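Undergrad: Chains as they are written, first to last, in the numbering used here: chain X, 35 to 218; chain Y, 362 to 506.
In structure tokens:
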């Protein structure tokens, strides 16, 4: 029945609250200086492309289905729209890729035939096929969170790479390398 | 009296800025043609189910908002997707799963129990257990006194 012994706290314990506060402040500072990347990438990379069939966006061009892409040769699937400014920025790079013999197919999101025709006249037309995704369902099925986005699909229809945002001139070589990888 | 012209020009300037801000951007995104982006389901019970799910799904474009709150076209597409699938009899959690499969956990505001997030769920239990242990010692000591 001895009275409870009060153990004396070690001397460093008095610095503990300050230390905790400084650690917290450092954490907040890091978070402020280096904000987290909020790009939502598709988690379908390495998985087969979901099956879809889109009607033609233009009267004189075939629409796009998943079967048109898995033809044994790698394809670029470009998700774009006439209302999208960065899509105009990447247009010369897409033309260059098409010129290099890369099959490019387009999915035009929430667009109209008139606006699309004008866009292609102004910015060039690298697309073999263009599917009209007017309600945005196929965009969601592919795990795409905006325009433009470009997918590298291999010959078996597996998604190998997703490029988020416009393809800038410095990205062309990398895209070609991804296509090369996908063809092996 | 010398201050009045300055105040007037300031008013004019702020008015001009306010007007300038209301001019719509040149390139307007076409609104989605998805049927249920801005239309509720006819069955109130199903609409309620859809609404509850939409409030816990993140808009991919304006990421602080749920798709129920957001007016972004992609949120409209997502709302229609949710409503059409609910109308077809799909379970809300299956739809959430379908979206997570494509966009990762980030698309859902309702936290999922995964190998990465389990400590978040385990920690409160551990803390309560620890508190109970400490309190028991305290009470024992009190009794002994």
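Just so you know, even glycine gets a beta-carbon here, dropped at the ideal spot from N, CA and C. Keep in mind it's a predicted model, so treat the numbers as computed, not measured.
Using only CA atoms, which one of 411/Y, 439/Y, 410/Y lies nearest to residue 423/Y?
TA: 439/Y
Undergrad: Determine which residues of the segment 429-458 of chain Y have a Cβ less than 8 Å from any Cβ of chain X, and write them out in chain order.
TA: 434, 435, 437, 438, 439, 441, 442
Undergrad: Among 192/X, 197/X, 172/X, 141/X, which residue has its Cα nearest to the Cα of residue 159/X?
TA: Looking from the CA of residue 159/X, the closest CA among 192/X, 197/X, 172/X, 141/X belongs to 141/X.
Undergrad: Scan the segment 63-94 of chain X for residues whose Cβ lies nearer than 8 Å to a Cβ of chain Y and list them as they occur along the chain.
TA: 72, 74, 75, 76, 77, 78
Undergrad: Please confirm whether residue 166/X and residue 91/X have their CB atoms less than 8 Å apart.
TA: Less than 8 Å divides the Cβ of residue 166/X from the Cβ of residue 91/X.
Undergrad: To test your reading of the DSSP string, which unbroken beta strand (DSSP E) runs of 3 or more residues are found completely within the segment 130-154 of chain X?
TA: 138-143
Undergrad: Which residue spans inside the segment 405-492 of chain Y form an unbroken alpha helix (DSSP H) run of at least 4?
TA: 405-415, 434-448, 453-464
Undergrad: Residue 501/Y: buried (16+ other C-beta within 10 angstroms of its C-beta) or exposed?
TA: By the neighbour-count definition (other C-beta atoms within 10 Å, threshold 16), residue 501/Y is an exposed residue.
Undergrad: What does the alpha-carbon distance come out to for the pair residue 89/X and residue 168/X?
TA: 10 Å
Undergrad: Distance cutoff 8 Å, beta carbons only. Does residue 177/X sit that close to anything in chain Y?
TA: yes
Undergrad: Pull up the CB-CB distance for residue 162/X and residue 137/X, whole angstroms please, since I reckon it's below 8 Å.
TA: Right, the Cβ-Cβ distance comes to about 6 Å (below 8 Å), so this counts as a contact.
Undergrad: Using a Cβ-Cβ cutoff of 8 Å, what residues of the segment 130-147 of chain X are near chain Y? List them in chain order.
TA: Residues 144, 145, 146.
Undergrad: Please list, in chain order, the residues of the segment 162-188 of chain X that have any C-beta partner in chain Y closer than 8 Å.
TA: The segment 162-188 of chain X vs chain Y, Cβ under 8 Å: 168, 169, 170, 171, 173, 174, 175, 176, 177, 179, 180.
Undergrad: Shorter than 8 Å from the beta carbon of residue 463/Y to some beta carbon of chain X?
TA: yes
Undergrad: Strictly under 8 Å for the Cβ-Cβ distance: is residue 470/Y near chain X by that measure?
TA: No, residue 470/Y does not count as interfacial toward chain X.
Undergrad: Any Cβ of chain X within less than 8 Å of the Cβ of residue 393/Y?
TA: Yes, residue 393/Y lies at the interface with chain X (some Cβ there is under 8 Å from its Cβ).
Undergrad: Are the C-beta atoms of residue 399/Y and some chain X residue less than 8 Å apart?
TA: no
Undergrad: With a CB to CB cut of under 8 Å and the five nearest residues on each side skipped, what residues in its chain are close to residue 304/Y?
TA: Nothing can be reported for residue 304/Y: it is not among the residues displayed for chain Y, which extend from 362 to 506.
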